[in-house]
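Residue numbers (my numbering): 78 to 222. Cβ coordinates follow ideal geometry from the N, Cα and C atoms, glycine included. A quick note: this is a predicted structure, and the numbers were derived from the prediction, not measured. One structure is given below, encoded as structure tokens.
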Amino acid sequence: MEKSTFSPLYEAFRAHLLALRLAAGLSQRELAILLGRERSFVARIEQGERRVDLVEFYWICRACGIDAIAVAQHVMRVFQETEGRSASAHGPERKRRLADPVDEALVWVREHRSSYAGGDGPGAVTPGRGKRKSSRARGRGSEES
């Protein structure tokens, strides 16, 4: 079992995490704010310097306005396809595969993001912080519940 953040499977997962953020129209900084983290947290994940656990994956999906279960199911199918291809493909075919996972993930995320049943939209709930403050509440310093 390869645990590297640069393995073909983890590269596919990272591509989906990046696609989630891009499809939501969020910068690294904006996503980090929604998660209650520093921008470097998001950057390190996207660069493969930091692994993501299941709880973090859930909150990233929520912040980007997409159903985590749908994303996880899709990523599992991509993993199965990636494993099948990596066993048979070498050389230029492998390079081509690794060059476009973000584009492939972005297409899938954009198709499925609009049908997200949660309907909360990007950043409606932040981990450990309840609902986001409205612009009026931010000015008063009180928080909606």
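For residue i, the nearest candidate out of the options (CA to CA)
| i | options | result |
| --- | --- | --- |
| A140 | E88, S84, R98, P85 | R98 |
| Q124 | A89, R162, A101, R190 | A89 |
| F118 | R162, A101, I137, A92 | I137 |
| S81 | V129, A120, L94 | V129 |
Close beta carbons around residue i, own chain, < 8 Å, minus the five adjacent residues each side
| i | result |
| --- | --- |
| T159 | P85, L86, A89, R174 |
| H151 | H93, W185, H189 |
Whether residue i touches residue j by CB criterion (7 Å)
| i | j | result |
| --- | --- | --- |
| R121 | R114 | no |
| A100 | R154 | no |
Where the alpha helix (DSSP H) containing residue i begins and where it ends
| i | result |
| --- | --- |
| A259 | In the structure displayed, the chain extends from 78 to 222; residue 259 sits before or after that span and is not available. |
| L111 | 105 to 112 |
| I143 | I143 -> no alpha helix (DSSP H), and no H or E assigned at all. |
| S117 | 116 to 123 |
| D180 | 178 to 190 |
6 Å Cβ shell around residue i - same chain, five flanking residues per side excluded
| i | result |
| --- | --- |
| F156 | L86 |
| L95 | E123, V179 |
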